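So the sequences go chain by chain: Y, S and U.
So the first sequence is numbered by this note's numbering: it starts at 408 and just counts up by one.
So the second sequence is numbered by this note's numbering: it starts at 2 and just counts up by one.
So the third sequence is numbered by this note's numbering: it starts at 27 and just counts up by one.
Where a beta carbon is used, it is the ideal one built from N, C-alpha and C, also for glycine.
Quick caveat, the model's predicted, so the values are computed rather than measured.
Below you'll find the structure, written out as structure tokens, and then a few comments.
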Amino acid sequence: MKKVNLICIGCPLGCPLTVEMEGDQVLSVTGNTCKNGDKYARKEMTNPTRVITSTVRVTGGKLAMVSVKTASDVPKGKIFDCVKALKDVDIPAPVHMGQVIVADIAGTGVPVIATKNVDAC
Amino acid sequence: MKEYDLVIIGGGPAGLAAAVAARNAGVESILILERDNELGGILNQCIHSGFGLHTFQEELTGPEYAGRFIDQVKQLQIPYKLKTMVLDLAPDKTVTAMNAEDGLFQIHPKAVILAMGCRERPRGALNIPGFRPAGIYTAGTAQRLVNMEGYLPGRNVVILGSGDIGLIMARRMTLEGAKVHVVAELMPYSGGLKRNIVQCLDDFGIPLKLSHTVVDIQGKERVEGITLARVENGKPIPGTEEHYPCDTLLLSCGLIPENELSRSAGVTINPVTNGPAVNESLETSIPGVFAAGNVLHVHDLVDYVSEEAAAAGVHAARYILQGQSPAGNEIPIRCEGGVRYTVPVSIRPQELEADAVVPLRFRVGNVYQNKRIVVYAGETQIFQRKARVLAPGEMETVNLKASVLQEHGDAPEILVKLEDA
Amino acid sequence: MYDVIIIGAGVSGCAIARELSRKKGKILVVERAEDVCCGTSKANSAIVHAGYDAKHGTLMAKLNVQGSRMMPGLAKELDFHYENNGSLVVMMSEEDRPALMALYENGLKNGVEQLQILERDALRAMEPNISDNAVAALYAPTGAIVCPFGLTFALAENAAKNGVQFQFDSEVTDVQKIDGGWKVVTAKGTLETKAVVNAAGVYADKIHNMVSSETMTITPRRGDYFLLDRATQGFVKNTIFQLPGKYGKGVLVAPTVHGNTIVGPTAIDIEDKDGTATTQAGLDDVRSKSGIAVKNLPLRQTITSFAGLRAHEARHEFFIGEIAPGFVDCAAIESPGLSSAPAIGVMVADIVGGILHLEDNPNFDGTRKGILDPKALSPEAHAALIRENPAYGNVICRCETITEGEIVDAIHRTPGARSLDGVKRRTRAGMGRCQGGFCSPRVMEILSRELGIPMDQVTKSGGNSKLIVGTNKDSL
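Okay, structure coming up:
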């Protein structure tokens with residue numbers, strides 16, 4: 408059995424978590440102050456994921472860039488693949504908050520959506 | 002120029018929440034003055050997620066969070082002017098402002114809400130020796146260039162200051178293709194949220210060097226490198242210098258509330274926060290002038306900005322609709338034992354509705370473990386809470402009940418302090 | 027072939043150019059930097075010395091007093107910021123009185139008007155923040171402060187208006203005698219001229235030594251400074267010097283014409299002629315000396331620190347004269363060089379005029395209007411200006427309230443701003459308490475638009491000082 412210390416990233420509280428592991432099995436999570444902490448720790452130890460935020464170029468808009476995010480979390484190991492897949496994306500204005508920019512980013516099955524409105528100029 | 006009952010200076014998170022709350026509390030005539038070319042303030046460039054867990058119970062990006070409030074302002078048809086700079090606020094609340102469309106104009110509102118936000122401490126104010134080449138940016142300036150305009154200010158980056166903007170920019174620069182070599186922090190602890198150290202530094206293997214600072218900047222035209230040194234008691238230790246070749250130095254070394262207008266109006270400023278000294282109604286020393294958000298004191302979470310600003314909006318509405326409160330007992334709030342300041346700095350118990358709660362916000366001056374936050378009214382303890390960890394990077398809130406405050410309405414002072422648990 | 031090539035577009039070179047433009051001639055100023063006012067002229071105490079300090083009988087003393095007398099008139103003609111605030115040399119110990127009296131006597135001999143000795147009470151009444159230990163002071167009502175950028179740009183623009191040409195990014199690498207004049211080799215090509223003026227500041231020795239066997243050595247003498255927020259306006263009214271004496275040599279504390287407070291300088295001799303890096307020791311030195319002559323100096327309100335280099339020569343005397351036929355030195359112009367600049371311009375122009383016998387320029391116009399400051403207008407005129415040109419309603423620099431209109435004006439002047447620093451020194455955009463944090467991306471956009479260059483070519487101060495290195499994800 409081994410113990411792993413984590414900081415929960417679920418909210419700004421940043422609870423210090425202790426995870427007891429047997430191989431790749433999570434035996435227990437302690438230190439969390441809510442159930443999200445338990446969920447985070449189990450996921451972090453088995454399949455860590457992150458929400459990625461980035462920017463995409465806009466053509467013909469009042470702003471040059473639109474901010475985007477993955478609609479849900481993606482595997483941590485795929486972060487750079489996702490960002491690279493956004494490199495050559497150009498989106499014509501107008502862009503609406505929530506609009507799907509890329510339907511399936513880097514084969515994760517997760518769409519990338521706009522997080523801001525950009526009007527056409 | 003048309004006259005308005007309430008002028009809100011600043012259309013960022015504080016100004017937007019204040020406007021919505023004031024309208025919902027019955028103020029018809031409101032104008033928001035915003036200096037940038039869109040509403041939302043600094044949130045527009047904070048494209049990372051992590052906003053709104055308290056307010057909306059979901060994790061939003063900065064533009065999404067701002068969007069929720071912008072939508073409300075538009076639905077309520079609250080007028081606003083963009084690219085409009087307020088040049089002066091007079092003691093009689095006359096607002097002088099300017100933009101390209103309306104030119105120079107004045108408004109004489111019944112009440113004003115200060116919501117100008119804050120600015121970053123620049124290199125010059127940090128007294129970092131060395132050359133002054135291109136490539137030295139505050140983290141927020143770099144954030145604007147990258148997130149709003151799509152320009153990379155550098156490829157090999159050192160960041161000084163581990164406040165949240167510095168940590169967030171370490172990740173942003175990395176994800177846009179730059180190499181962040183190190184984040185240095187003068188203090189022995191980070192000024193940022195723990196989650197940001199995990200997901201902005203640890204995730205990308207970026208080292209955080211606590212008790213370190215930049216002691217030299219090389220490069221005459223563009224930054225060519227910087228020298229870090231370990232710091233003890235605020236002084237760099239000779240012999241601990243390490244050289245980092247880099248083309249960019251980002252600074253995230255503190256935020257300063259932007260109170261030049263408040264000062265010109267004659268508002269009393271709290272020297273600790275650099276923000277106005279306000280009472281329980283978030284009213285400054287000038288009756289009818291209220292303040293909320295980072296102009297009042299620097300917040301760690303925008304959710305608290307919105308909450309505070311909404312309260313300022315409600316209080317401003319009451320001032321406009323019911324007039325100035327009669328003079329009454331005003332209990333000063335004092336802080337000691339690690340508590341650096343409080344907002345508000347005084348409470349008028351008779352002003353409070355019976356079921357009201359006064360949030361007392363404060364920050365501590367150091368990292369503390371196993372303490373109790375204790376509040377006294379005169380000699381009587383009226384609140385206490387255990388605090389496992391307290392850090393300067395995190396704002397604390399204590400909610401005081403109106404009924405308790407009114408019970409001690411003749412107390413000479415309210416004292417907030419940390420005691421051993 | 028040029029009639030005159032002036033090497034160096036600092037305050038001396040520009041003053042000489044402007045005076046020479048009273049004559050008909052083909053005059054060129056060559057400058058190694060990208061703009062006017064990039065060396066000693068940009069980083070100094072911004073003081074117009076009354077003239078009591080320079081030793082009586084020296085050229086320095088003569089030109090200082092003359093320059094100081096010319097400055098108010100010039101400020102009106104050329105529309106730059108000048109303020110006759112007065113200066114005080116404060117004595118901290120009774121035993122230093124002989125030195126104070128010596129300074130007073132020297133000033134009288136130099137012809138400085140209205141000098142007087144103020145005793146403790148009068149001094150305190152005049153400057154409430156003077157140190158409690160101050161005993162007496164030499165008061166020079168003719169002491170003044172000036173915007174060194176404003177002065178230099180005004181001289182340059184007026185020279186350009188009267189036909190002087192400017193060539194930047196043109197470091198002079200060689201000067202050779204040719205028939206009837208000189209060949210000047212620059213980074214941008216070789217030029218020929220009948221006469222050369224060497225006004226190259228800390229590099230004046232290098233230029234001098236290209237033509238003279240009597241070599242000269244200019245030592246860059248670094249001065250570190252603090253500049254405080256405009257919120258400190260009124261901390262002192264006069265320029266406060268400390269009389270060197272029992273408590274050592276102090277630093278000056280002075281208001282600037284724009285309402286900041288300046289504190290400094292150090293005096294550190296260095297080798298590097300571009301060594302304008304501040305050092306921890308230098309800044310600490312200023313900090314420790316700053317509190318001697320004044321009390322409660324709010325150094326916490328520092329918005330920037332910087333260092334400038336004075337062109338020091340061992341004799342501590344201006345070196346002005348024709349050293350070879352048609353080659354005129356204007357070298358070793360250290361403090362009080364800024365104060366003396368108007369007089370230096372006249373003197374050097376006279377020398378060159380004597381060599382070339384140039385005719386008067388009948389079209390000479392000695393006036394120039396500075397960049398329009400909308401804040402100085404009446405509310406009605408201000409409103410009318412914005413109606414006419416809405417760019418004057420668009421505030422770019424929040425801290426100093428500088429509009430797009432002013433920035434565009436600065437870019438399209440001759441010589442005009444081509445960089446962030448060029449805009450900053452002309453308009454004050456980025457000069458305030460946030461030091462360009464908010465406005466620099468917007469000024470960069472305006473520079474890119476007005477100069478027709480891409481954003482990644484916009485620089486902080488010319489050369490390789492590029493502000494943007496690429497676009498998002500371009501290396502992924």
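From the DSSP output, read off the bridge partner residues of residue i.
i        : result
Asp421/S : Lys372/S
Lys209/U : Gln202/U, Glu218/U
Arg336/U : Arg247/U
Tyr28/U  : Thr219/U
Val440/S : This structure leaves residue 440/S out entirely; chain S is present only between 2 and 422.
List, in order along the chain, the chain Y residues whose C-beta lies closer than 9 Å to that of residue i?
i       : result
Leu16/U : Nothing about residue 16/U can be read from this structure; chain U reaches only from 27 to 502.
State the Cα-Cα distance for the pair residue i and residue j, rounded to the nearest angstrom.
i        : j        : result
Val147/S : Thr139/S : 13 Å
Pro345/S : Pro64/S  : 29 Å
Ile520/Y : His49/S  : 13 Å
Ala162/U : Asn286/U : 26 Å
Ala436/U : Glu476/U : 11 Å
Asn159/S : Glu297/U : Checking the sequence shown, residue 159/S turns out to be Val, not Asn. Cα to Cα, the separation comes out at about 29 Å.
Gly207/U : Asp447/U : 36 Å
Leu114/U : Gly294/S : 45 Å
His316/S : Leu17/S  : 15 Å
Thr460/Y : Thr175/S : 12 Å
Ile288/U : Val475/Y : 46 Å
Asp445/Y : Ala328/S : 52 Å
Gly226/S : Thr456/Y : 35 Å
Relative to the alpha-carbon of residue i, which residue among the options has its alpha-carbon at the smallest distance?
i        : options                                : result
Thr305/U : Pro237/S, Tyr81/S, Val28/S, Val405/S   : Pro237/S
Lys442/Y : Gly430/Y, Val458/Y, Leu424/Y           : Leu424/Y
Pro92/S  : Lys402/S, Val290/S, Lys84/S            : Val290/S
Leu250/S : Glu261/S, Arg223/S, Pro272/S, Asn234/S : Arg223/S
Pro480/U : Gly83/U, Gly496/U, Ala128/U            : Gly496/U
Gly410/S : Gln200/S, Asn275/S, Ala378/S           : Ala378/S
Thr56/S  : Leu322/S, Ala311/S, Glu420/S           : Ala311/S
Glu348/U : Ile329/U, Ala319/U, Val378/U           : Val378/U
Gly155/S : Met170/S, Gly162/S, Leu77/S            : Met170/S
Pro80/S  : Arg335/S, Arg133/S, Gly338/S, Glu4/S   : Glu4/S
Val312/U : Gly276/U, Asn110/U, Asp200/U           : Gly276/U
Glu145/U : Arg95/U, Arg123/U, Glu139/U, Val138/U  : Arg123/U
Gly36/U  : Ser47/U, Lys50/U, Glu60/U              : Glu60/U
Does residue i have its Cβ less than 7 Å from a Cβ in chain U?
i        : result
Lys494/Y : yes
Ala101/S : yes
Thr522/Y : no
Tyr342/S : no
Gly151/S : yes
Lys491/Y : yes
Ala135/S : yes
Arg145/S : yes
Using a Cβ-Cβ distance cut-off of 7 Å, determine whether residue i contacts chain S.
i        : result
Met452/Y : no
Arg248/U : no
Pro482/Y : no
Asn498/U : yes
Pro499/Y : no
Leu309/U : yes
Below 8 Å on C-beta distance, what does residue i contact in chain Y?
i        : result
Asn148/S : Thr462, Met472, Ser474
Does residue i get closer than 7 Å to chain Y when you measure Cβ to Cβ?
i        : result
Leu194/S : yes
Leu502/U : yes
Ile374/S : no
Gln73/S  : no
Note down, in chain order, every chain U residue with its Cβ under 8 Å from the Cβ of residue i.
i      : result
Lys3/S : Within chain U, no residue comes near Lys3/S; the closest Cβ sits about 16 Å away, beyond 8 Å.
Determine the chain S residues that contact residue i at a beta-carbon separation under 8 Å, and present them in chain order.
i        : result
Met504/Y : Pro64, Glu65, Gly68
Val458/Y : Ser50, Glu60
Name the chain S residues whose beta carbon is nearer than 7 Å to that of residue i?
i        : result
Gly421/Y : Leu194, Lys195, Arg196
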